[in-house]
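Take a look at the structure below.
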Amino acid sequence: MSATIKDVAKLAGVSISTASCALNEKGNVSDQLKDKIFKAAKKLNYHPNAAAKQLKTKKTDNIGVFIYGFSGPVFSEVLEGMNKAAQEEGYNLLVSSGSLSEKIINQRQIDGAIIFDSHIKDEVLINYSLSNYPVILLDRDLEGDNISRSIINNQEIVYNFILQMQKKYQKIAMITGPNDSYNALGRLEGYKEALKTKNLQPIIYKGDFTYESGIAIGQKLTKEDLPDLMFCANDETAIGLMEEMKKQGYKIPEDMAICGFDNILWTRHVEPQLTTIAINHTEWGHDVAKSLINYLKTSKFLEIGDPKHEVIYRASA
Numbered sequence: 493m494s495a496t497i498k499d500v501a502k503l504a505g506v507s508i509s510t511a512s513c514a515l516n517e518k519g520n521v522s523d524q525l526k527d528k529i530f531k532a533a534k535k536l537n538y539h540p541n542a543a544a545k546q547l548k549t550k551k552t553d554n555i556g557v558f559i560y561g562f563s564g565p566v567f568s569e570v571l572e573g574m575n576k577a578a579q580e581e582g583y584n585l586l587v588s589s590g591s592l593s594e595k596i597i598n599q600r601q602i603d604g605a606i607i608f609d610s611h612i613k614d615e616v617l618i619n620y621s622l623s624n625y626p627v628i629l630l631d632r633d634l635e636g637d638n639i640s641r642s643i644i645n646n647q648e649i650v651y652n653f654i655l656q657m658q659k660k661y662q663k664i665a666m667i668t669g670p671n672d673s674y675n676a677l678g679r680l681e682g683y684k685e686a687l688k689t690k691n692l693q694p695i696i697y698k699g700d701f702t703y704e705s706g707i708a709i710g711q712k713l714t715k716e717d718l719p720d721l722m723f724c725a726n727d728e729t730a731i732g733l734m735e736e737m738k739k740q741g742y743k744i745p746e747d748m749a750i751c752g753f754d755n756i757l758w759t760r761h762v763e764p765q766l767t768t769i770a771i772n773h774t775e776w777g778h779d780v781a782k783s784l785i786n787y788l789k790t791s792k793f794l795e796i797g798d799p800k801h802e803v804i805y806r807a808s809a
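The opening residue of the sequence shown carries number 493 in my numbering; numbering runs sequentially from there.
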């Protein structure tokens, strides 16, 4: 069985993306590290060009969009923007989630890929991109040939949000998102950095971006001293928390203020309406798809600006 880039990276003691950059003369890899990687490749008889020889045989006019689950409203907003851009340029979106995603990528059923799923293996994406297919990553950090990224600056956004809250809260807690989400980790770091600046002690509850996790933590909070403010890593969690606290007889924001992140439609239809951070996900999705399509036409990605955001102050905080 022939060696893969994953084997080279493992032998050299580096990441797959670093091995790819070195072997393809991309990125800022030190000469010392390059030498180590090339020696590993030679020892394994690995040839990067051979791995990339499975070139495109025909144009499919399909763009693959790979997401982690279909349930969240944020994904729907992002897909709306991507679909608009695809229709403008005569492309179709092939949307996939779960175990089928890697099969679609490996079988080269698409002209390019947009990845909003941290569970797809790095090796799959590197090998796909080495076959001259463009990849744009969202909510993920990976470098390689024909790969671009667009990441929301969650850390800075949350940091500024907490420091600039209109009311002076002294006990600020947070419900996090899943550990494998780049967005969730950035929001957590922004929260911790802001509390450090304010000389406050962080109070952290583990969530997973779901309505149900908000309910579960609400049930737990009824047995504890409430914080002044609960910042939730996304709106679905915040709404679940709010509904459970109201069910238990607490008043929002009098007993505890609550705020979220994303400004999904539900935030305007709960009582009280939810204070949140609005991200223009539809415009972001449109810009991401436009960048990928431009690469398919010119071999160059368009620069994707930071998604627009604003704080929406409502009655919950």
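Just so you know, even glycine gets a beta-carbon here, dropped at the ideal spot from N, CA and C.
Residue i by DSSP, collapsed to three states: which one?
i: residue 666; result: strand
i: residue 592; result: helix
i: residue 748; result: coil
i: residue 506; result: coil
i: residue 643; result: coil
i: residue 495; result: coil
i: residue 537; result: coil
i: residue 545; result: Model confidence at residue 545 stands at a pLDDT of 45, short of 50, so the residue's coordinates are unreliable and nothing is read from them.
i: residue 635; result: coil
i: residue 556; result: strand
i: residue 798; result: coil
i: residue 809; result: coil
i: residue 762; result: coil
i: residue 521; result: coil
i: residue 769; result: strand
i: residue 804; result: strand
Going along the chain, which residues of its own chain have a beta-carbon closer than 6 Å to the beta-carbon of residue i, five neighbours each way excluded?
i: residue 778; result: 573, 576 and 577
i: residue 564; result: none
i: residue 598; result: none
i: residue 616; result: 594 and 597
i: residue 567; result: 559
Apart from the five residues on each side of it in sequence, which residues of its chain come closer than 8 Å, Cβ to Cβ, to residue i?
i: residue 749; result: 659, 661, 720, 721, 722, 767, 808 and 809
i: residue 505; result: 528
i: residue 625; result: 548, 600, 602, 603, 604, 605 and 638
i: residue 648; result: 682
i: residue 797; result: 779
i: residue 553; result: 582, 583, 584 and 603
i: residue 550; result: none
i: residue 672; result: 610 and 611
i: residue 530; result: 514 and 515
Apart from the five residues on each side of it in sequence, which residues of its chain come closer than 7 Å, Cβ to Cβ, to residue i?
i: residue 637; result: 512, 516, 518, 621 and 622
i: residue 698; result: 668
i: residue 678; result: 646 and 647
i: residue 788; result: 603, 604 and 626
i: residue 670; result: 676, 700 and 701
i: residue 507; result: 501
How long is the line joining the alpha carbons of residue i and residue j, rounded to whole angstroms?
i: residue 745; j: residue 654; result: 16 Å
i: residue 683; j: residue 690; result: 11 Å
i: residue 542; j: residue 802; result: Confidence is the limiting factor: at residue 542 the pLDDT is only 44, short of 50, which leaves the residue's position unreliable and the question unanswerable from this model.
i: residue 521; j: residue 629; result: 21 Å
i: residue 641; j: residue 627; result: 8 Å
i: residue 715; j: residue 740; result: 11 Å
i: residue 711; j: residue 685; result: 28 Å
i: residue 500; j: residue 794; result: 31 Å
i: residue 665; j: residue 708; result: 15 Å
i: residue 726; j: residue 700; result: 9 Å
i: residue 503; j: residue 532; result: 6 Å
i: residue 734; j: residue 706; result: 8 Å
i: residue 592; j: residue 556; result: 12 Å
i: residue 792; j: residue 586; result: 22 Å
i: residue 769; j: residue 651; result: 12 Å
i: residue 688; j: residue 806; result: 26 Å
i: residue 498; j: residue 523; result: 20 Å
i: residue 663; j: residue 736; result: 20 Å
i: residue 781; j: residue 743; result: 43 Å
i: residue 696; j: residue 538; result: 46 Å
My guess is that residue i and residue j are in contact by the Cβ rule of under 8 Å, so how many angstroms apart are they, rounded?
i: residue 536; j: residue 495; result: 4 Å
i: residue 731; j: residue 758; result: 6 Å
i: residue 509; j: residue 635; result: 5 Å
i: residue 614; j: residue 674; result: No, residue 614 and residue 674 are not in contact; Cβ-Cβ is about 13 Å, not under 8 Å.
i: residue 569; j: residue 702; result: At roughly 17 Å, the Cβ-Cβ gap does not stay under 8 Å, so residue 569 and residue 702 are not in contact.
i: residue 799; j: residue 772; result: 6 Å
At which residue ranges does the segment 560–631 contain complete alpha helix (DSSP H) runs of 4 or more residues, listed in the order of the chain? 565–581, 592–598 and 614–622
Extract the residue ranges of the alpha helix (DSSP H) inside the segment 672–726, only unbroken runs of 4 or more that lie entirely within it. 674–689 and 703–713
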